[in-house]
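Accompanying notes for the structure given below.
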Amino acid sequence: MPPDIDYGPAVEFLQQQASSLDLPVSIYYPVNQDNPVVVMTWQGSDPSLSSILLNSHTDVVPVFEESWTRAPFAASVDEEGRIYARGAQDTKSTGMLYLAAIRALKKGGVKQLKRTFHISFVPDEEMGGYYGMESFAKTEEFRALNVGYALDEGSVSETNEITVVNDERCTWRVEFTSYGVTGHGSILFENTTGEKIYYLINKLMERREAEVVKFRSLSSYANVTTINLTMLKGGVQGNVIPPELSATFDIRLAVNADHDEFQRDLDRWIEEAGGNITQTYYIKDAKATRTNADDTNPMWIALQSSTRAFGINVVPGVITGATDMRFLRRQNITAFGFSAMINTPQLAHAHDEFVYADTYLAGIEVYKQVISNLGEI
6 MPPDIDYGPA
16 VEFLQQQASS
26 LDLPVSIYYP
36 VNQDNPVVVM
46 TWQGSDPSLS
56 SILLNSHTDV
66 VPVFEESWTR
76 APFAASVDEE
86 GRIYARGAQD
96 TKSTGMLYLA
106 AIRALKKGGV
116 KQLKRTFHIS
126 FVPDEEMGGY
136 YGMESFAKTE
146 EFRALNVGYA
156 LDEGSVSETN
166 EITVVNDERC
176 TWRVEFTSYG
186 VTGHGSILFE
196 NTTGEKIYYL
206 INKLMERREA
216 EVVKFRSLSS
226 YANVTTINLT
236 MLKGGVQGNV
246 IPPELSATFD
256 IRLAVNADHD
266 EFQRDLDRWI
276 EEAGGNITQT
286 YYIKDAKATR
296 TNADDTNPMW
306 IALQSSTRAF
316 GINVVPGVIT
326 GATDMRFLRR
336 QNITAFGFSA
346 MINTPQLAHA
356 HDEFVYADTY
366 LAGIEVYKQV
376 ISNLGEI
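Dropping the structure here:
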């Protein structure tokens, strides 16, 4: 669902699913009543062990219906078995695969595993996570879940090799607002907002071009900082020099980036532009601990052994976007991003987003094995 949409029907649907699975369900409101966090629990046999969190998000990005060939919220299936829906890849399939796998395990006679599983459905991931996991992870209710390991969304793969996300670039979403001399558009005033915001934008675009060159040689976003101008605002009318102009940038700092150094660069460019430019951060992620993806990590071993039987190779890596797992890594929780959607074109946030029905069904078997193995570590 897009931002500012009622989550009520989604909560009701998830409550029905929990009831059909005979799983207790709790609803939490870490920020306000408009943004519920739904958590189902499959109790393990050894409550002394830390639990495993299976996370996905209930929100999706908006759609432009005129650009879709099928209704974006109908989940219709074409003759080639493609299920079209906004969120099919990001990330309704992940949450439903958790539940389908648990349902299949329980039907197969598995009453419980050694570790307790919590299956969470959180809001606001697409907008940054403040109303969802970022705030929920700071609550006493979350701490009471005793999460030691967490699995979240990954990225679909166009091959049979899956990138398991063990680290993430940090998101800085910042609006720069320049203030300056206002007056008639026929006069060449000094210290205008346009001059200053132009200088700052130009500096950021120069840095962007350097990162483009770096990406061409690396072919991976992990150690590349992406910088994109996403919004421009301002102006009174065509013949008036405006008193303020603003530019918003979406910046994803490379995993090896020095955050303090980048902030110093921004501050210096603002001073060089003439000053009186404010920085408003809507998101400013701090660095989080990378999750080890090697034989020292039992969760990694469990993921490898789970997927090997299906001919799927897993490799650690970084995806282009951000996920809710960054909030858990800051608490030193072992967290991976994983998707069982192989041999599927990457269409998250795109028009005509879809997953293949047969790939989804095969994913249930993969998650059955993943959950079984994780539950015994």
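Taking my numbering, the leading residue of the sequence shown gets 6, the next gets one more, and so forth. Every residue, glycine too, gets a C-beta built ideally from N, C-alpha and C.
**Asked** Identify the residues that DSSP records as bridge partners of Arg178: which are they?
**Response** According to the DSSP secondary-structure assignment, Arg178 is paired through a beta bridge with Asp255, Ile288.
**Request:** Excluding the 5 residues preceding and the 5 following Glu70 in the sequence, name in chain order all residues of the same chain whose CB lies nearer than 7 Å to its CB.
**Result:** Answer for Glu70: Pro77, listed in chain order.
**Request:** Taking 8 Å as the threshold, find out whether the region 316-328 comes into contact with the region 149-167 through three or more Cβ pairs.
**Result:** A contact is defined here as three or more CB-CB pairs under 8 Å, and the region 316-328 meets this definition with respect to the region 149-167.
**Request:** Compute the Euclidean distance between the alpha carbons of Pro7 and Phe194, then round it to the nearest angstrom.
**Result:** With a pLDDT of 48 at Pro7, under the threshold of 50, the modelled position of that residue is not reliable, and the figure given next carries that caveat. Approximately 43 Å, taken between the alpha carbons.
**Prompt:** If we ignore side chains and look at the alpha-carbon of each, how far apart do Thr230 and Ala252 end up?
**Reply:** If I take the Cα positions, the gap works out to 18 Å.
**Asked** In the DSSP assignment, what are the bridge partners of Val169?
**Response** Val169 is bridged by DSSP to Pro321.
**Asked** From this set, Thr99, Arg75, Ser224, which residue's C-alpha is nearest Ile88's C-alpha?
**Response** Among Thr99, Arg75, Ser224, the Cα nearest to that of Ile88 belongs to Arg75.
**Item:** Span separating the alpha-carbon of Leu59 from that of Asn196
**Value:** In this model, Leu59 and Asn196 are separated by some 53 Å (Cα to Cα).
**Message:** Can you tell me whether Met304 is helix, strand or coil according to DSSP?
**Reply:** Taken through DSSP and simplified to helix, strand or coil, Met304 comes out as helix.
**Prompt:** So, are the CB atoms of Val245 and Phe126 less than 8 Å apart?
**Reply:** Cβ atoms of Val245 and Phe126: not closer than 8 Å.
**Message:** Does Ser56 pass the burial test, meaning 16 or more other C-beta atoms within 10 Å, or should it be called exposed?
**Reply:** Here Ser56 is buried: its Cβ has 16 or more other Cβ atoms, across all protein chains shown, within 10 Å.
**Request:** Take the Cβ of Ala314 as the centre, count every other Cβ of all protein chains shown within 10 Å, and call the residue buried at 16 or more, exposed below.
**Result:** Answer is exposed; the Cβ neighbour count stays below 16.
**Item:** Residue range of the unbroken beta strand (DSSP E) whose run includes Met132
**Value:** Counting along the chain, Met132 falls outside any beta strand (DSSP E), and DSSP gives it neither H nor E.
**Prompt:** For Phe220, which option in Thr325, Met45, Ser25, Ala79 has the closest C-alpha, if you only look at C-alpha atoms?
**Reply:** Nearest C-alpha to Phe220 among Thr325, Met45, Ser25, Ala79: Thr325.
**Asked** Rounded to a whole number of angstroms, what is the C-alpha to C-alpha distance between Asn228 and Asn297?
**Response** Using only the alpha carbons, I get a separation of about 17 Å.
**Item:** Asp157 - DSSP class collapsed to helix/strand/coil
**Value:** Note: Asp157 maps to strand in three-state DSSP.
**Item:** First through last residue of the alpha helix (DSSP H) which encompasses Ser24
**Value:** Counted as a single uninterrupted DSSP element, the alpha helix (DSSP H) harbouring Ser24 occupies residues 13-25.
**Request:** For Gly280, count neighbouring C-beta atoms within 10 Å of its own C-beta (all shown protein chains included) and say buried if the count is 16 or more, exposed if not.
**Result:** By the neighbour-count rule (16 or more Cβ atoms within 10 Å), Gly280 is not buried but exposed.
**Proximity of Gly199 and Asp329 at Cβ, strictly below 8 Å** = With respect to the 8 Å criterion, Gly199 and Asp329 are not classified as neighbours on the basis of their beta carbons.
**Span of the beta strand (DSSP E) around Met138** = Unbroken run through Met138: none, as it is neither H nor E.
**Message:** Give me the residue from Ser72, Trp73, Gly92 with the minimum Cα distance to Val66.
**Reply:** The closest CA to that of Val66, considering only Ser72, Trp73, Gly92, is found on Gly92.
**Request:** Go ahead and pull the three-state DSSP assignment for Ala293.
**Result:** Correct three-state label for Ala293: coil.
**Nearest-angstrom Cα separation, counted from Glu370 out to Ala307** = Going from the Cα of Ala307 to the Cα of Glu370 covers about 15 Å.
**Message:** Does the region 287-301 come into contact with the region 168-183, if we say contact requires no fewer than three beta-carbon pairs (one atom in each stretch) closer than 8 Å?
**Reply:** The region 287-301 is in contact with the region 168-183.
**Tyr204 versus Trp274 - alpha carbon distance** = Rounded to the nearest angstrom, the two C-alpha atoms are 8 Å apart.
**Request:** Return helix, strand or coil for Arg91, following the three-state DSSP convention.
**Result:** Coil.
**Prompt:** Terminal residues of the continuous beta strand (DSSP E) containing Thr231?
**Reply:** Following the DSSP letters along the chain, one finds Thr231 inside the beta strand (DSSP E) bounded by residues 231-239.
**Prompt:** Is Trp73 near Thr121, with beta carbons less than 8 Å apart?
**Reply:** No, the Cβ-Cβ distance between Trp73 and Thr121 is not below 8 Å.
**Asked** Between the Cα of Thr63 and the Cα atoms of Ala79, Gly239, Gly13, Pro52, which residue gives the shortest distance?
**Response** The candidate whose alpha carbon is nearest that of Thr63 is Gly13.
**Message:** Is it buried or exposed, Ala90, if we count other Cβ atoms within 10 angstroms and call 16 or more buried?
**Reply:** Buried: at least 16 other Cβ atoms inside 10 Å.
**Asked** With distances taken from CA atoms, which of Pro303, Thr301, Gln309, Leu250 is nearest Ile282?
**Response** For the residues Pro303, Thr301, Gln309, Leu250, the minimum Cα distance to Ile282 belongs to Leu250.
**Asked** Taking C-beta to C-beta, are Arg174 and Val260 nearer than 8 Å?
**Response** Yes. Within cutoff.
**Bridge partner(s) assigned by DSSP for Phe122** = Bridge partners of Phe122: Trp47, Ile57.
**Request:** Compare the Cα-Cα distances from Phe359 to each of Gly243, Ser61, Glu139, Val82 and report the closest residue.
**Result:** Phe359 has its Cα closest to that of Val82, out of Gly243, Ser61, Glu139, Val82.
**Message:** Please report the distance separating the alpha-carbon of Asn378 from that of Glu17.
**Reply:** Spanning the two alpha carbons is a distance of roughly 30 Å.
**Message:** I'd like the list of long-range same chain contacts for Ser222, defined as Cβ closer than 6 Å, with 5 residues on each side in sequence excluded.
**Reply:** Around Ser222: no qualifying Cβ.
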